[in-house]
Amino acid sequence: MINIHNLSKTFTSKKGKVDALKEVSLEVKKGEIFGVIGYSGAGKSTLIRCVNLLEQPTAGSVQIDGTEITSLSSKDLLKARRKIGMIFQGFNLLKTATVYENVAIPLKLTGVPKNKIDERVNRYLDIVGLADKKDSYPAQLSGGQKQRVAIARALSHEPEVLLSDEATSALDPDTTDSILDLLLKINEEFGITILLITHEMHVIQRICDRVAVMENGEIVEQGHTLDVFTAPKHPTTQKFVNSIFNFQLTGDIVKSLRKTGEIIALKFIDQSSEEPVLAVVAKKFDVYPNILSGMITQVKNEPFGRLLVHFKGETGEIQRALHFLRNQGIQTDEVIRYEDNKRIS
Amino acid sequence: MKTINAFLEEWGSYIWEAIIETFQMVSISLVISVIIGLPLGVLLVLTRPGKALENKYLFGLLNILINIIRSVPFIILLFFILPFTKWIVGTTIGVKGVIVPLVVFTAPYIARLMETSLLEVNRGVIEAYEAMGIKTRGIIWNVMIREAKPSIILGLTIATIGLIGATAMAGLVGAGGLGDLAYRFGHLRYEPVVMYVTVGLLILLVQGLQTIGNRTAARLKKD
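Chains as they are written, first to last, in this note's numbering: chain U, 32 to 376; chain S, 10 to 232.
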């Protein structure tokens, strides 16, 4: 649906050149939610803005549904943009217009027939759950409600693609979740392809089918969300994954625990997170598992858990126990490196 | 009471006439100045670097031109552009003759005020409308001017008050008005009461305008 190939963007200023994007390639398939995650300055914002040409790329191509966006005439670009919805971190609503007008004005300006405008505005305000706020002004709404208006505004053009530029970054955790659920609903019910950028792993984990990790203008890792979560390869990806699983153990604790056994990180994917394997291990082998830290969460629709466990016992017996766990479909990683007060992965 | 009646009898018609003249001069030149100044302000915003109609030559030219005109005090401008005035309206005296210099004086001022107001409009909203495939023309009216309206109203209030001040000098070309009345009768013919009354009227006028401007802006502002 969205095909980005070797996209580069160089900003030239008096201070010199900055390569915001370096030959970035990615493909977003029809109907999926694709997330791009990265820290500030990684180039993700530039990337998403190149998709609808709010930013003119220096080189490379962007195709949406087979149409090359970068070579469109300005008239055709206007038309193409109408099929690409976009929502922003700052909501970007008209302050002087009511919720209803905020959705209706762009429809009028893009030439939607008058008799259809009212019906569309009402339909999409209903979908985002703001039918009763029609006559309010943005200043009277909460952040989450403002983003809902922005989503209704984007949907009212009945786009095939929705771009989300840090849409939840200005919202509190609860509101973020409700907006994410709304995006998921839009994706599932209307089949709208979503490309989103974020710096919150939580957003990726909750709704994205696939994810790309960006750093210094490059994609350093990409794949299915669950794969990236269970086996992050690049250090930056690992940092993001660990931001969800925040296991903080100090070096001292690790040192003293090592004397009596081994510290193992267990990763449970899919149904394996629902079974009491540790209890089974304790009964079957001569080891004493002691949970140091852990959590079970969901990656999109799949349960995924991580436990940091101290196995007390003889090395041979521990190895046998770990072998048994691996046969149950559980990933086991020995925790070797530890640094004071650093997160352990 | 008697003195008031006597005063009104003697000066009432002069004052009334002066009010009408001031009103004419201000309203006509304000309308023309807005018609010229608002598009200029929009152009100043849109042609600057990084904006939709980026054009550094046009932007630079407008910028310099506006600065030059704004450097000249009205009383000098009034005489300085006499040939231009004559060429445009065929006369250099009376209300008609003063409208041209008033417009030349006010339009660049309004352009600057509009520029400032329009620059305050959230860049993100404009971007959101660009992303929706809306033409620049639609964005100018429905985003920029709409969102800047409270600020534009306040700017126009300031411009109008400045315009009233400038009309005081219109008497020099025989266009009359309140300022002229205060000067000719109050100062030259030494009738202090006429001076006080006209000044009082001007104060009321300015106070009233500012109040209306503030209230309108507050009503339009929705945040």
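Where a beta carbon is used, it is the ideal one built from N, C-alpha and C, also for glycine.
| Check | Outcome |
| --- | --- |
| Contacts that Phe-42(U) makes with chain S (C-beta to C-beta distance below 8 angstroms) | Within 8 angstroms Cβ-Cβ: nothing; Phe-42(U) doesn't reach chain S, min ~12 angstroms. |
| Pairwise C-alpha distance: Ile-97(S) and Gly-109(S) | Sequence inspection shows Val at residue 109(S); the Gly mentioned does not correspond to that position. Going by the C-alpha atoms only, they are around 8 angstroms apart. |
| Span separating the alpha-carbon of Ile-349(U) from that of Pro-204(U) | 40 angstroms |
| Asp-50(U) CB to nearest heavy atom of the ligand COA below 8 angstroms | No copy of the ligand COA occurs in the structure displayed, which carries no ligand at all. |
| Beta-carbon contacts of Ser-167(U) that lie in its chain and below 7 angstroms, excluding the five residues immediately before and after | Thr-129, Val-130 |
| 6 angstroms CB neighbourhood of Leu-62(S) in its chain, flanking five on each side removed | Leu-55, Thr-56 |
| Host alpha helix (DSSP H) of Leu-53(S) (start-end) | 11 to 55 |
| Minimum length 3: unbroken beta strand (DSSP E) runs contained in the stretch 160 to 203 of chain S | none |
| Below-9 angstroms beta-carbon distance, Leu-140(U) vs any chain S residue | yes |
| Any C-beta of chain S under 9 angstroms from that of Tyr-168(U) | yes |
| Residues near Asp-371(U) by beta carbon distance below 7 angstroms, same chain, minus five either side | Here the model assigns Asp-371(U) a pLDDT of 41, short of 50, so the residue's position is not dependable, and the following value carries that caveat. Thr-281, Gly-282, listed in sequence order. |
| Inter-stretch contact (C-beta, 8 angstroms, three-pair minimum) for the stretch 61 to 75 of chain U and the stretch 218 to 235 of chain U | yes |
| Proximity test, Cβ basis, 9 angstroms: Ile-212(S) and chain U | no |
| Proximity of Leu-108(U) and Val-180(U) at Cβ, strictly below 9 angstroms | no |
| Alpha-carbon to alpha-carbon, Phe-276(U) and Val-308(U) | 20 angstroms |
| Reduced DSSP secondary structure (H/G/I, E/B, other) of Ser-200(U) | coil |
| Span of the beta strand (DSSP E), counted from its first residue to its last, around Val-242(U) | 241 to 246 |
| Test: Pro-137(U) CB closer than 9 angstroms to a CB of chain S | yes |
| Beta-carbon neighbours of Asp-232(S), restricted to chain U and to distances below 8 angstroms | Lys-126, Tyr-168, Pro-169, Ala-170 |
| Cβ-Cβ distance between Ala-184(S) and Ile-85(S) below 9 angstroms | no |
| CB contact check: Asn-372(U) to chain S, cutoff 9 angstroms | In this prediction, Asn-372(U) scores a pLDDT of 41, lower than 50, which makes its location untrustworthy; the coordinate-derived value is nonetheless stated afterwards. It does not: the Cβ of Asn-372(U) has no partner Cβ on chain S nearer than 9 angstroms. |
| Nearest-angstrom Cα separation, counted from Lys-314(U) out to Arg-357(U) | 17 angstroms |
| Continuous beta strand (DSSP E) stretch holding Pro-320(U): start and end | 319 to 330 |
| Through-space distance from Ala-168(S) to Leu-187(S), alpha-carbon basis | 18 angstroms |
| Beta-carbon neighbours of Asn-398(U), restricted to chain S and to distances below 8 angstroms | Examination of residue 398(U) is not possible in this model, given that chain U is present from 32 through 376 alone. |
| Closer than 9 angstroms at the beta carbon, the chain U residues around Leu-229(S) | Thr-127 |
| Straight-line Cα distance separating Val-81(S) from Gly-50(S) | 20 angstroms |
| Per-residue DSSP class, three states only, for Glu-219(U) | helix |
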